[in-house]
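Undergrad:
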Amino acid sequence: MVQVHTSAENDAPTKHRMLLHRKHHEFCVHSQIWNIIMGRGRVELKRIENKINRQVTFAKRRNGLFKKAYELSVLCDAEVALIIFSNRGKLYEFCSSSRYVTPFL
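Here it is as structure tokens:
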């Protein structure tokens, strides 16, 4: 019986890369399973002191709320209204149906 060795089998760096790739893949799979079981985890709720970070977070979360409100209205055929005021008093609003929009200010 004759064994044929390829260059990859004899190359130590290649074996090391293959092993690292395998371990990274196993780590990713374990991380995904852990995230499914545990969820994202809790965010500590406290005021963001950095003004720029606070404004960026506000904009991202505001857009996320608008998206969720829209999805709720479409998926559940619900009438949804959302009103948000920034810390500077700027008004942001969403309404799923124009027939219910009335001037309130």
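When you line the sequence shown up against full-length UniProt numbering, it's residues 1 to 105, in that order.
We treat Cβ as the ideally placed atom computed from N, Cα and C, and that holds for glycine.
This one's a predicted model, so the numbers in the text were calculated from it and none came from an experiment.
(1) Do you know how far the Cα of Arg42 is from the Cα of Val80?
(2) Leaving out the 5 sequence neighbours to the left and right, which residues in its chain are closer than 7 Å to Phe85 when beta-carbon positions are compared?
(3) Look up Val80 in the DSSP assignment and say whether it is helix, strand or coil.
(4) Whose C-beta lies closer than 7 Å to the C-beta of Arg62 among residues of the same chain, with five residues either side of it excluded?
(5) So, with DSSP's three-state summary, where would you put Leu75?
TA: Taking the geometry as given:
(1) Spanning the two alpha carbons is a distance of roughly 27 Å.
(2) Excluding residues within five positions, the ones whose Cβ falls inside 7 Å are Leu91.
(3) coil
(4) Ile84, Tyr92
(5) helix
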